[in-house]
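Participant: Structure provided below as structure tokens; questions to follow.
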Amino acid sequence: MEIKNTKLPNEPAFVHLLKVAREVKDVIFYDPTHGVESDFDQLLTDIVRTRNLLLESIPNLMFDQRHILRDQNPYIFLLTDMKYDYTVGALAILSIGGAFIPLPNDVMPEEVLEHIRRSKSKVILGSDTCMSLVENIQRHGCLHDLQVISSPICVKISPILDGGATSIGIDEKAIVPLERPSMVLFTSGTSGPPKGVVHTRKLFNGFPSLIGPGDVVLHHQHPSWVAGALPLIRHPLSGARLEVISSDPAVIWKRLHQGGVTILTGNPRIWNGLMRYFKHHLCSLPSKELNQYIAAAQKIRLAQSGGMVPSSSLMKFWREEIDLALRNSYGATELGGRGLCTSPDTDVGLQFCIGRPRRTVEVKLSDGDHGEILIKNPVMFSHYLGDESATQAAFTEDRFFRTGDIARKVGEDYVLEGRGERDIIKNGTYKVSLLEVEQQLLNLPFIQEGCIVSVLDSHNVSRVAALVRFEKPNKCREIELHRPDEPSLDFIRDHLAINLPVYMLPTALRILREGEYIPQTASHKVIKAQAVQQYFQLSDDSELFGSVELCDIDACKPTVRSRAWDAAGK
């Protein structure tokens with residue numbers, strides 16, 4: 001029997017959602033690829049229908065008398081391949097006091113059973129397009145004596161509720177404590193095994209002051225990581241229009257050219273792709289048409305990069321050639337988003353600058369003006385799912401989160417140095433910052449993509465190794481005329497030696513071939529351990545494979561003019 005309840009819990013997020021819904025009548029979610037063009041009336045109808053189906057699917061004993069999940073079993077898995085379904089499903093789960101755990105749409109049934117064991121949840125809310133996978137998970141569960149409950153996300157298959165948003169109210173007695181879980185996201189796994197990061201309901205009960213009705217946000221990020229997941233919940237709460245778009249630079253530039261976009265965020269690889277597309281394609285347009293693209297980009301009032309540190313050349317391009325103040329931000333899954341951010345007047349020449357703490361964020365370094373970044377904010381995570389020891393190790397005694405990242409303070413700004421031993425290796429008695437070498441590599445105009453890793457050679461010596469893809473010659477307008485037909489390790493070393501001392505230069509090179517790619521997470525972070533395993537493996541006789549070019553660490557010197565600091569490498 002259908003449940004007629006159209007009341008949402010008495011929680012700041014839902015009270016605010018209904019307030020904004022009654023004020024904003026425009027389309028707030030637009031995904032042309034999947035035929036989604038939803039206003040608040042449609043969104044709220046879909047949330048309530050999906051919530052009611054969940055209430056019917058889950059045993060009554062799991063709820064209290066206000067249709068709120070009891071504390072013992074708050075988790076519900078969310079399986080969808082569409083972002084609008086993600087928003088509807090997540091808000092439906094939150095509306096019954098639950099916490100959603102997003103699953104990738106290529107998840108293996110065996111993985112889900114492990115998540116079930118850790119979360120003690122057996123409920124999956126899924127899109128119609130994912131139901132075959134849900135059924136596979138249910139069959140696999142039966143083999144292990146687990147009965148997995150499924151419920152569908154109900155999207156645009158029923159008429160909008162009579163009265164739309166005005167027909168939906170708040171149940172004053174249905175109160176969900178803010179300390180209860182709201183969402184579980186898994187870390188990227190680039191610095192260790194992925195951990196389930198549990199956020200409380202505080203995460204969705206603070207509303208972004210920088211975003212509101214009238215804003216147009218382009219969303220191209222994968223919802224399996226925090227910068228892709230939070231906008232799908234927070235932006236509808238703010239009343240902004242969220243447009244789902246491909247991360248293809250050509251598609252983004254085309255949408256910018258159409259006008260109206262006010263907010264664009266992404267990691268440095270996205271912004272670098274947009275820069276390269278501008279240089280390789282848009283620059284050849286007639287000046288009038290080119291200026292239209294530039295003017296459209298300049299109307300973005302919040303342009304933000306995060307996830308990795310952008311190169312100084314990338315920051316300079318956007319500020320000096322486009323006149324757009326691209327900001328760099330620092331955050332983590334555990335923080336619930338950004339913790340620090342640069343400002344429009346931050347010196348773009350200050351490499352690895354991550355700016356200053358945002359409002360309500362406290363930051364300190366473990367050794368005063370240098371050391372591990374320790375950070376605290378009101379909405380950071382409460383614990384790691386099913387891992388008490390990791391949770392205890394993640395916090396200081398005064399409840400600051402240990403990020404594992406090393407930084408120093410320059411004036412009022414924080415400058416990132418890397419992630420402990422992973423990003424700093426020793427060459428003799430000198431320390432080499434792989435992060436610094438990588439940024440100088442990515443500044444080279446003939447490098448399309450690349451990363452710097454540490455690899456062990458047959459003598460058990462750590463080498464600075466470059467994994468790169470070169471630009472095609474006809475697109476490298478900034479390269480010297482003497483560029484060789486086949487770029488080599490010496491060629492890269494000579495160009496890097498302009499800004500780096502000899503002891504920091506790469507002594508190993510692997511060039512990516514057609515069809516080869518740098519391994520990345522869904523958030524486009526390089527998985528360096530996998531890159532080393534994939535491209536710098538030792539052969540059976542303990543030698544690096546022939547596809548890796550090496551130079552003698554002691555004998556190899558650059559052909560450019562030396563500097564006083566080069567003595568450090570001797």
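Residue numbers (the UniProt record's numbering): 1 to 570.
Just so it is clear, CB atoms sit at the ideal spot from N, CA and C, and this is done for glycine as well.
Starting from the C-beta of E449, find all residues in its chain whose C-beta is less than 6 Å away, skip the five residues before and the five after it, and write them out in chain order.
Facilitator: As a working mapping, residue 449 is identified with position 449 in the sequence shown. Here the set comprises R469.
Participant: Cβ of T396 within 8 Å of Cβ of H383?
Facilitator: As a first step, residue 396 is located in the sequence shown; it is residue number 396 there, counting from the start. As a first step, residue 383 is located in the sequence shown; it is residue number 383 there, counting from the start. Not a contact, by the Cβ cut-off of 8 Å.
Participant: Is the stretch 105-117 touching the stretch 130-140 in the sense that three or more CB pairs, one from each, lie closer than 8 Å?
Facilitator: Yes, the stretch 130-140 touches the stretch 105-117.
Participant: For D413, which beta-bridge partners are listed by DSSP?
Facilitator: Locating residue 413 in the sequence shown gives position 413, counting from the first residue. D413 is bridged to V410.
Participant: Buried or exposed for K431, going by 16 or more other Cβ atoms inside 10 Å?
Facilitator: Residue 431 sits at position 431 when you count from the first residue of the sequence shown. Exposed, since its Cβ has fewer than 16 Cβ neighbours within 10 Å.
Participant: So does the stretch 56-74 actually touch the stretch 11-23, counting three or more Cβ pairs closer than 8 Å?
Facilitator: The answer is no - the stretch 11-23 does not touch the stretch 56-74, with fewer than three Cβ pairs under 8 Å.
Participant: Let me know the secondary structure DSSP gives K288 once reduced to three states.
Facilitator: The count along the sequence shown starts at 1 and reaches residue 288 at position 288. Looking at K288 - three-state DSSP - the assignment turns out to be helix.
Participant: Is the stretch 263-283 in contact with the stretch 94-101, if contact means three or more CB pairs nearer than 8 Å?
Facilitator: No: the two stretches stay apart, fewer than three of their Cβ pairs being nearer than 8 Å.
Participant: Express the C-alpha separation of Y503 and I211 in angstroms, rounding to a whole number.
Facilitator: In the sequence shown, counting from the first residue as 1, residue 211 sits at position 211. In the sequence shown, counting from the first residue as 1, residue 503 sits at position 503. The straight-line gap from Cα to Cα measures roughly 47 Å.
Participant: Within this structure, are the beta carbons of Y30 and V36 separated by less than 8 Å?
Facilitator: One-based indexing of the sequence shown puts residue 30 at position 30. One-based indexing of the sequence shown puts residue 36 at position 36. Contact flag set, yes.
Participant: Give the secondary structure of A568 by DSSP, where H, G and I count as helix, E and B as strand, and everything else as coil.
Facilitator: For this step, residue 568 is matched to residue 568 along the sequence shown. Residue placement at A568 cannot be trusted, given a pLDDT of 45 that sits under 50; what the coordinates show is reported in the next sentence. Here A568 sits in helix by DSSP.
Participant: By DSSP's criteria, I375 is part of a beta bridge. Which residues make up the other side?
Facilitator: Along the sequence shown, one-based indexing puts residue 375 at 375. DSSP lists V363 and F401 as partners of I375.
Participant: Closest to A229 by C-alpha separation, out of A90, L365 and H115, would be which residue?
Facilitator: Taking the first residue of the sequence shown as 1, we reach residue 229 at position 229. Residue A90 is the option with its Cα nearest to A229.
Participant: Report the option in S95, L113 and L125 whose CA atom is closest to the CA atom of I175.
Facilitator: In the sequence shown, the residue the question calls residue 175 occupies position 175. Residue S95 is the option with its Cα nearest to I175.
Participant: For T45 and I153, which I take to be in contact (beta-carbon distance under 8 Å), what is that distance rounded to the nearest angstrom?
Facilitator: Here residue 45 refers to the residue found at position 45 when the sequence shown is read from its first residue. Here residue 153 refers to the residue found at position 153 when the sequence shown is read from its first residue. Between I153 and T45 the Cβ distance is about 13 Å, and since that is not below 8 Å, they are no contact.
Participant: Taking the C-alpha atoms as reference points, what is the distance between N267 and P213?
Facilitator: Within the sequence shown, numbered from 1, the residue matching residue 267 stands at position 267. Within the sequence shown, numbered from 1, the residue matching residue 213 stands at position 213. Cα to Cα, N267 sits roughly 25 Å from P213.
Participant: Can you tell me whether DSSP reads E480 as helix, strand or coil?
Facilitator: Indexing the sequence shown from 1 puts residue 480 at position 480. Bear in mind that the predicted position of E480 carries a pLDDT of just 45, short of 50, making it unreliable; the figure below should be weighed with that in mind. It is coil, neither helix nor strand.
Participant: Per DSSP, what are the beta-bridge partners of P357 in this structure?
Facilitator: Translated into positions along the sequence shown, residue 357 becomes position 357. Beta-bridge pairing links P357 to L340.
Participant: Classify V455 as buried or exposed, calling it buried when 16 or more other Cβ atoms lie within 10 Å of its own Cβ.
Facilitator: For this step, residue 455 is matched to residue 455 along the sequence shown. Counting Cβ neighbours within 10 Å, V455 comes out buried, since at least 16 surround it.
Participant: Alpha carbon to alpha carbon, what distance is there between D387 and P519?
Facilitator: Position 519 of the sequence shown holds residue 519. Position 387 of the sequence shown holds residue 387. Whole-angstrom Cα-Cα distance: 27 Å.
Participant: The beta strand (DSSP E) with C451 in it runs from where to where?
Facilitator: One-based indexing of the sequence shown puts residue 451 at position 451. Counting along the chain, the beta strand (DSSP E) containing C451 begins and ends at I447 to L456.
Participant: With a CB to CB cut of under 8 Å and the five nearest residues on each side skipped, what residues in its chain are close to I294?
Facilitator: Taking the first residue of the sequence shown as 1, we reach residue 294 at position 294. Counting only Cβ-Cβ distances below 8 Å, and skipping sequence neighbours, we find I322 and D323.
Participant: Identify, in the order they occur along the chain, each residue of the same chain with its Cβ nearer than 6 Å to the Cβ of E2, setting aside the five sequence neighbours on each side.
Facilitator: Against the sequence shown, residue 2 aligns to sequence position 2. Bear in mind that the predicted position of E2 carries a pLDDT of just 47, short of 50, making it unreliable; the figure below should be weighed with that in mind. For E2, where only same-chain residues beyond five positions count, there are no Cβ hits under 6 Å.
Participant: With respect to the beta strand (DSSP E) encompassing L8, which residues constitute its N-terminal and C-terminal limits?
Facilitator: As a working note, residue 8 is residue 8 in the sequence shown. K7 to P9 is the span of the beta strand (DSSP E), which, as asked, contains L8.
Participant: With burial defined as no fewer than 16 other Cβ atoms inside 10 Å of the residue's Cβ, what is the status of T507: buried or exposed?
Facilitator: Locating residue 507 in the sequence shown gives position 507, where the first residue counts as 1. Counting Cβ neighbours within 10 Å, T507 comes out buried, since at least 16 surround it.
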